[in-house]
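So the structure is just underneath, and the comments pick up after that.
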Amino acid sequence: MEIQATTYDAYRLVHEGILAFARAERHGIRVDVEYCKKKRAHLTRKVNHLYAKLRETDLYKTWYKVYGNKLNTESNHQLAYILYTVMKMDPPKKTKSGKGSTDEETLQQLNVPELDKILEIRKLLKIRDTYLNAFLKEQVHGYIHPFFNLHTVRTYRSSSDRPNFQNIPKRDEQAMKTSRRAIFPRPGHQILAVDFSGIEVRIACCYTEDEKLIYDTLHGDMHGDMAVELFKLDSLNKKYPGEKNLRQGGKNGFVFPQFYGDYYGNCALNLLEWAKIGSLRDGTPALEHMQNKGLVTLTKDGKVTKKGIEKFTEHVKKIEEDFWNRRYKGYKKWKEKTWEEYQKKGYIKFLTGFTYKGVARRNELLNAPIQGTAFHSLLWCFIEVDKIAQEEEWDTALCGQIHDEMLTDTNPDELERVAKTIQRVTCKDLPEAWPWWIISPEVEADLCPVDASWNTKQEYKLPEVE
DNA sequence: GGAACTCGCCAC
DNA sequence: AAACGTGGCGAGTTCC
Numbered sequence: 019m020e021i022q023a024t025t026y027d028a029y030r031l032v033h034e035g036i037l038a039f040a041r042a043e044r045h046g047i048r049v050d051v052e053y054c055k056k057k058r059a060h061l062t063r064k065v066n067h068l069y070a071k072l073r074e075t076d077l078y079k080t081w082y083k084v085y086g087n088k089l090n091t092e093s094n095h096q097l098a099y100i101l102y103t104v105m106k107m108d109p110p111k112k113t114k115s116g117k118g119s120t121d122e123e124t125l126q127q128l129n130v131p132e133l134d135k136i137l138e139i140r141k142l143l144k145i146r147d148t149y150l151n152a153f154l155k156e157q158v159h160g161y162i163h164p165f166f167n168l169h170t171v172r173t174y175r176s177s178s179d180r181p182n183f184q185n186i187p188k189r190d191e192q193a194m195k196t197s198r199r200a201i202f203p204r205p206g207h208q209i210l211a212v213d214f215s216g217i218e219v220r221i222a223c224c225y226t227e228d229e230k231l232i233y234d235t236l237h238g239d240m241h242g243d244m245a246v247e248l249f250k251l252d253s254l255n256k257k258y259p260g261e262k263n264l265r266q267g268g269k270n271g272f273v274f275p276q277f278y279g280d281y282y283g284n285c286a287l288n289l290l291e292w293a294k295i296g297s298l299r300d301g302t303p304a305l306e307h308m309q310n311k312g313l314v315t316l317t318k319d320g321k322v323t324k325k326g327i328e329k330f331t332e333h334v335k336k337i338e339e340d341f342w343n344r345r346y347k348g349y350k351k352w353k354e355k356t357w358e359e360y361q362k363k364g365y366i367k368f369l370t371g372f373t374y375k376g377v378a379r380r381n382e383l384l385n386a387p388i389q390g391t392a393f394h395s396l397l398w399c400f401i402e403v404d405k406i407a408q409e410e411e412w413d414t415a416l417c418g419q420i421h422d423e424m425l426t427d428t429n430p431d432e433l434e435r436v437a438k439t440i441q442r443v444t445c446k447d448l449p450e451a452w453p454w455w456i457i458s459p460e461v462e463a464d465l466c467p468v469d470a471s472w473n474t475k476q477e478y479k480l481p482e483v484e
């Protein structure tokens, strides 16, 4: 690559980034203190109610016999001892340090109805303690001031703390609503969030210059294509919910894990989980279809047999080989070249001028430039938008950032101007400033109504910029 | 009584 | 041969 950013460019990005983040931190984010208090109490009542039910169960009675007054339902250590030592159940999964696991997946597999109550309690406590309580602890005069750090992450991404603004629930409906209901714009303002679409894949395009990857990103559907191959479908259409699930499986069970460096063994197991909730447009369950295609064998009650898992794993192995050796061979070549360079020199350089050095495993090393550079693109835009906001004396302010997304606390009168500016900076100015952006960036936006909390966001079509 | 650890779980 | 990248944080536990 002939275009080479310098270390000084990297330094400047961090320097200006810190200043822009400091302004966002000072601005802060409004929280509904009364709501947090009320909801916190409400969750406590709910949890107590669940505790009362749990106390009636056999599991609890066994637990009490062993621990007496030291019994603590939040202690996974105690729970593991009860399940795997006292009750002598076989742990379906072990933790890194080799003890029987008590995470959600494991407890569900154990098929003990009482454990569902523990999971429900865990979920509510997570919302109460990690989010609502943290907001209350950190708020000053109704505003939290999350920090955005540029000095903590090996890949030169950012992190956030006090409180962490980058892990507020989004996927789980209840957790999302309960947590984000606490986050508000300034009075009379509205929250606008703009995020890059598939930025890591696009950055991978810039590094690898893989023609097929570029084509698929712009015009194709790599997740759908992979689902078709993995589940041996004739075709796939997202408009059928069962087939949409299979596409999700292709994406989250294969494509993303592969890009992070996972291998066919884990992917196969993952994909079988996705297959359970997938079906064809004619209603055929995905697993049944897969059996018809000879990908798995099922027991009478519809479970995948051990032999079936082996068969499917072999199938996924072949698809993995094809994925890297044929489909994205340019990407593979880049991985080999980059790993070799690192082993020879002890470091690699990012397109943004940052140097990655020190001991790294292969997956870490190959992920770093992509993750870091994706974030630097957001950071560059954040700085630009912040500068324009200063120059033009906006009443609107940047107030936060989540790796590939920026949030503004927006004056509705300025909404169109703000949206246009962000659209222009992200999609036009960025690739002009950094010509190694050989594929066009794209952004999507969400907007909340005026004076409405973050859980009310709706898709917002950004104005066209010529 | 605090530091350092494990585990689980939220985000990208 | 091995096999998922980057974080923060609450709670429990262990160590000193």
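For this note's numbering, add 18 to where a residue sits in the first sequence, where the first one is 1. Beta carbons: idealized from backbone N, C-alpha and C, even for Gly. No experiment lies behind these values; they were computed from the predicted model shown.
Rounded to the nearest angstrom, what separates residue i and residue j at their Cα positions?
| i | j | result |
| --- | --- | --- |
| C399 | V443 | 6 angstroms |
| G15 | W412 | No answer is possible for residue 15: the residues shown for the chain start at 19 and end at 484. |
| Y26 | W452 | 15 angstroms |
| L448 | A193 | 35 angstroms |
| Q328 | V314 | First, the residue type needs correcting, since residue 328 is Glu and not Gln in the sequence shown. Computed Cα separation, rounded: 8 angstroms. |
| R140 | K355 | 45 angstroms |
| W352 | D134 | 46 angstroms |
| L289 | L298 | 15 angstroms |
| D213 | E74 | 48 angstroms |
| L77 | F330 | 37 angstroms |
| T120 | E482 | 50 angstroms |
| K111 | W292 | 19 angstroms |
| E191 | G260 | 20 angstroms |
| K446 | P459 | 8 angstroms |
| E306 | L316 | 8 angstroms |
| G160 | K475 | 21 angstroms |
| V334 | L287 | 10 angstroms |
| V322 | C285 | 15 angstroms |
| K71 | V65 | 10 angstroms |
| E332 | F368 | 36 angstroms |
| A59 | Q126 | 28 angstroms |
| W357 | K350 | 11 angstroms |
| R63 | N94 | 22 angstroms |
| E382 | A28 | 21 angstroms |
| T103 | F393 | 46 angstroms |
| G206 | E432 | 12 angstroms |
Is the Cβ-Cβ distance between residue i and residue j less than 8 angstroms?
| i | j | result |
| --- | --- | --- |
| G390 | T226 | no |
| F153 | E43 | no |
| G279 | L384 | yes |
| V49 | I162 | yes |
| I221 | I388 | yes |
| A38 | T370 | no |
| F249 | L236 | no |
| T485 | L150 | Residue numbering for the chain in the displayed model covers 19 to 484; residue 485 lies beyond these limits and cannot be assessed. |
| G267 | G296 | yes |
| L61 | R198 | no |
| L480 | A437 | yes |
| P131 | G118 | no |
| H421 | R175 | yes |
| M105 | T80 | yes |
| G86 | L397 | no |
| S395 | I136 | no |
| D179 | Y346 | no |
| T148 | K57 | no |
| L89 | Y99 | no |
| L68 | E123 | no |
| K262 | H241 | no |
Could you give the C-beta distance for residue i and residue j, rounded to a whole number, given that I count them as a contact under 8 angstroms?
| i | j | result |
| --- | --- | --- |
| Y511 | T373 | Past the edges of the chain, shown from 19 to 484, lies residue 511, and the structure says nothing about it. |
| Q276 | F341 | 6 angstroms |
| M244 | V273 | 6 angstroms |
| C417 | Q208 | With 8 angstroms as the limit, C417 and Q208 do not qualify as a contact, their Cβ atoms being about 12 angstroms apart. |
| F202 | S471 | 5 angstroms |
| C224 | I456 | 6 angstroms |
| Q441 | V461 | 7 angstroms |
| L168 | V32 | 5 angstroms |
What does DSSP give as the partner residue(s) for residue i in the beta ladder?
| i | result |
| --- | --- |
| I162 | I47 |
| L298 | None; L298 has no bridge partner. |
| L316 | V322 |
| P303 | S297 |
| V461 | F214 |
| K375 | Y365 |
| S178 | F166 |
| E477 | D464 |
Practice prompt. Any chance you could list the beta strand (DSSP E) runs of at least 3 consecutive residues sitting entirely within the region 45 to 121, in chain order?
Written response: 47 to 49
Fill in: In chain order, each beta strand (DSSP E) run of at least 3 residues that lies wholly inside the region 185 to 273
208 to 214
Fill in: beta strand (DSSP E) runs contained entirely in the region 407 to 447, provided each spans 3 or more residues
415 to 419 and 423 to 428
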